[in-house]
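Peer 1: Quick one: structure below, then a few questions.
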Amino acid sequence: MYPTESTGIRVYHRCGGCGKKQEFINSGKFRVNANGKSVDVWLIYRCKKCKHSWNLTVYERTKPCKIPADLFEAFEANDMETAFEYGRNIDFLKKNNAELK
Ligand SMILES: [Zn+2]
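The opening position of the sequence shown corresponds to residue 52 in the numbering used here, with each subsequent residue numbered one higher.
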């Protein structure tokens, strides 16, 4: 299943693996790093060519109480629907310097 079919948005970014701009695909997986009172959450995209990963910031050094519990659970469960919601979120993508087509 190609997430581009689910979101209709193609995401391009300079790939550290290929060394040039490539299309990146929403992996549907989140990475959560809870460190004491602060939480970081990323959504992982992968280069379509070489699978090099690119972490897009969802939450950065955020107090756990600021993240809705059901949303946090969705991150930890790698909920695909939630991942695609972010994949359709233009503000989120632009904040991460994604080039959209
Ligand atoms: Zn690549």
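We put the CB at the ideal spot given by N, CA and C, even for glycine.
The structure displayed is predicted, hence computed values, not measured ones.
1) What residue from ILE60, PHE143 and ASN140 has the CA that sits closest to GLU74's CA?
2) Compare the Cα-Cα distances from CYS101 to each of ASN140, LYS71, LEU151 and ALA128 and report the closest residue.
3) Assign GLY87 to buried or exposed, taking buried as 16 or more other Cβ atoms, counted over all protein chains shown, within 10 Å of its Cβ.
4) Less than 8 Å separating the Cβ of GLY59 from some heavy atom of ligand 1?
5) If you reduce the DSSP assignment to three classes, tell me which class CYS3 lands in.
6) By how many angstroms is the C-alpha of VAL83 removed from the C-alpha of ILE76?
7) Using only CA atoms, which one of ASP142, PHE123 and ASN106 lies nearest to LYS114?
8) Check whether the Cβ of LYS146 sits closer than 8 Å to any heavy atom of ligand 1, and report yes or no.
Peer 2: Once the coordinates are examined:
1) GLU74 has its Cα closest to that of ILE60, out of ILE60, PHE143 and ASN140.
2) Checked all of ASN140, LYS71, LEU151 and ALA128; the closest Cα to CYS101 is LYS71.
3) The residue in question, GLY87, is exposed, as its Cβ has fewer than 16 Cβ neighbours within 10 Å.
4) Checking every heavy atom of ligand 1 against the Cβ of GLY59, none is found closer than 8 Å.
5) The structure shown does not extend to residue 3, since the chain is modelled only from 52 to 152, so the question has no answer here.
6) Distance between the alpha carbons of ILE76 and VAL83: 19 Å.
7) Comparing Cα positions, the closest option is PHE123.
8) Because no heavy atom of ligand 1 lies under 8 Å away, the Cβ of LYS146 does not count as near it: no.
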